[in-house]
Amino acid sequence: MIFTTVRRVLRHAMVALCGAALAGCGLIGDVFGDGIPSLGTAADLVLPLDAYELGPVDRAHVQRARFALMTECLRQYRIDFRAPAVEPATYPKNAGLLAWIEDLQVGRYGYAGPPGYASRKATDGFDSYSVTDEQFKVLVGRVKRFHGKAVPPGGCEVKIDNVLNQGAKGVPDAEIMKRFNQDELASLVSEAAEEAWRDKRIAAAEQSWSDCMERSGFHYRTTSDAMGDPHWATTAANDHMDLPRGTPEEIRTALADSACRRKVDYYVIRKAVYTEHQDKIISARRGRLNTIKLLNEARLVNAMKVLNGEIAVSW
Numbered sequence: 065m066i067f068t069t070v071r072r073v074l075r076h077a078m079v080a081l082c083g084a085a086l087a088g089c090g091l092i093g094d095v096f097g098d099g100i101p102s103l104g105t106a107a108d109l110v111l112p113l114d115a116y117e118l119g120p121v122d123r124a125h126v127q128r129a130r131f132a133l134m135t136e137c138l139r140q141y142r143i144d145f146r147a148p149a150v151e152p153a154t155y156p157k158n159a160g161l162l163a164w165i166e167d168l169q170v171g172r173y174g175y176a177g178p179p180g181y182a183s184r185k186a187t188d189g190f191d192s193y194s195v196t197d198e199q200f201k202v203l204v205g206r207v208k209r210f211h212g213k214a215v216p217p218g219g220c221e222v223k224i225d226n227v228l229n230q231g232a233k234g235v236p237d238a239e240i241m242k243r244f245n246q247d248e249l250a251s252l253v254s255e256a257a258e259e260a261w262r263d264k265r266i267a268a269a270e271q272s273w274s275d276c277m278e279r280s281g282f283h284y285r286t287t288s289d290a291m292g293d294p295h296w297a298t299t300a301a302n303d304h305m306d307l308p309r310g311t312p313e314e315i316r317t318a319l320a321d322s323a324c325r326r327k328v329d330y331y332v333i334r335k336a337v338y339t340e341h342q343d344k345i346i347s348a349r350r351g352r353l354n355t356i357k358l359l360n361e362a363r364l365v366n367a368m369k370v371l372n373g374e375i376a377v378s379w
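Letter 109 of the sequence shown, counting from 1, is numbered 173 in the numbering used here, and no numbers are missing.
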């Protein structure tokens with residue numbers, strides 16, 4: 065198979081790199097263990113911590129229910145709230161962690177991606193929104209009363225999470241009554257990513273990619289340098305300029321970049337390294353992660369009941 069041949073060539077290249085720059089690193093077997101497939105589509109970008117959160121469709125259901133409850137709660141205090149529309153996030157999950165550029169259609173658009181790609185990448189299924197001072201005070205419980213009506217402890221947000229968390233099996237009541245930290249899992253993903261980025265195997269993969277690009281006539285030290293080339297990417301030095309995107313130069317570079325990432329198994333290496341560091345987080349925090357998973361499962365069940373009008377909330 066072509067892939068097997070490429071893998072063998074890369075294995076020898078990595079061995080040489082270890083001997084030259086990472087003496088005694090012993091990384092090759094760890095990266096290229098049996099059963100690590102080539103990454104062909106965005107569906108291959110799954111990482112271990114994904115198992116503890118909801119998928120994009122289910123997350124959208126929960127977010128719609130949450131916004132519906134926010135609107136209802138604020139209405140009790142004669143405060144209008146217009147929630148943004150929510151659709152399942154379509155940006156490939158973990159694409160950023162694994163430096164995946166295969167959804168950008170680089171042969172046509174370069175690194176900028178197709179129209180609407182930037183906004184799709186920047187959202188989690190809904191547009192960003194802001195709240196007024198009075199909305200904020202009631203949402204987070206900064207006041208005890210508003211317009212003559214008592215505000216629940218912790219505000220509407222804690223009350224909403226009580227509703228969505230209820231019935232989570234095996235979860236203490238104290239946890240169910242707390243505000244659900246939507247950023248907790250993301251912080252663990254970031255923690256694993258920081259460790260992965262310091263892993264020597266990532267540096268080795270970047271070097272293999274750089275060598276490949278050099279052979280193709282492109283001179284970049286890292287994949288980030290190519291994507292962030294000031295000829296097409298906005299930087300602090302050129303943010304006052306309207307740079308042309310999708311130029312022949314950018315497309316040629318992006319096509320060579322994509323080819324090299326695949327040729328040297330760049331994605332495969334990143335996935336192996338990030339998987340390993342996420343597995344370490346799971347081993348160290350398994351109890352907490354199981355609680356998060358159970359809460360997410362309950363939140364989905366209750367969100368569907370809210371959306372179907374099966375839960376009546378007493379504010």
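Note that CB positions come from ideal geometry on N, CA and C, so glycine has one too.
Relative to Asp293, the option among Lys201, Cys276 and Arg316 whose CA is nearest is Arg316. Going by C-alpha positions, His341 is about 27 Å away from Val235.
Inter-segment contact for the stretch 133-147 and the stretch 272-281 is absent: fewer than three beta-carbon pairs are separated by less than 8 Å. Contact between Val215 and Val202 holds, with the beta-carbon distance rounding to 6 Å and staying under 8 Å. Counting only unbroken stretches of 4 or more residues, the alpha helix (DSSP H) elements lying wholly within the stretch 158-216 are 170-173, 181-186 and 197-204, in sequence order. Under the three-state reduction of DSSP output, Val370 falls in the helix class. Residue nearest to Gly189 within the set Lys242, Gln230, Arg128 and Trp164 is Arg128 (criterion: CA-CA distance). Residue nearest to Asn372 within the set Lys327, Leu118, His125 and Ala159 is His125 (criterion: CA-CA distance). Exclusion of the five residues before and after Tyr173 leaves Gly310 as the residues of its chain whose Cβ lies within less than 6 Å of its Cβ. Residue state for Val328 is assigned as coil, using DSSP reduced to three classes. Under the DSSP definition of a beta bridge, Val150 partners with Phe190.
For Arg285, no alpha helix (DSSP H) encloses it, and the DSSP letter there is neither H nor E. Lys213 counts as exposed, since fewer than 16 other beta carbons sit within 10 angstroms of its beta carbon. Pairwise C-beta distances place the stretch 189-200 out of contact with the stretch 353-364, as fewer than three of them are shorter than 8 Å. Note that the C-beta distance between Val204 and Val377 is not below 8 Å. Distance from the CA atom of Tyr116 to the CA atom of Met305, rounded to whole angstroms, is 43 Å. Gly219 carries a helical assignment under DSSP once its states are collapsed to helix, strand and coil. Leaving aside the five residues that flank Thr105 on each side, the residues in its chain whose CB is nearer than 8 Å to its CB run, in chain order, Glu166. For Lys242, the secondary structure class from DSSP, reduced to helix, strand or coil, is coil.
Closest option to Asp122, judged by alpha-carbon separation, among Gln140, Val150, Tyr330 and Asp108: Val150. Excluding sequence positions up to five before and after Cys324, its CB lies within less than 6 Å of the CB of Trp273, Cys276 and Met277, all in the same chain and listed in chain order. Nearest in C-alpha terms to Ala257, of all of Ala336, His211 and Ala107, is Ala336. For Val253, the enclosing alpha helix (DSSP H) has its first and last residue at Glu248 to Trp261.
The beta-carbon separation of Pro156 and Leu109, rounded to 6 Å, stays under the 8 Å limit for a contact. Distance from the CA of Ser183 to the CA of Thr154, rounded to the nearest whole angstrom, comes to 11 Å.
Around the beta carbon of Gly119, fewer than 16 other beta carbons lie within 10 angstroms, which makes this residue exposed. Burial check for Asn229: the Cβ neighbour count within 10 Å reaches 16 or more, so the residue is buried. In terms of Cα proximity to Asn158, the closest of Glu259, Lys233, Asp225 and Val253 is Val253. The continuous stretches of alpha helix (DSSP H) do not include Glu117, and DSSP gives it neither H nor E.
When the Cα atoms are used, Met291 and Lys185 turn out to be separated by approximately 15 Å.
Shown here for Ile143: same chain residues with a beta carbon closer than 7 Å to its own, the five before and five after excluded, namely Glu198, Gln199 and Val202 in chain order. Contact check for Thr355 against Leu111 fails: the beta carbons are separated by 8 Å or more. In this structure, Ala232 and Leu358 form a Cβ contact; the two beta carbons are roughly 5 Å apart against a cut-off of 8 Å.
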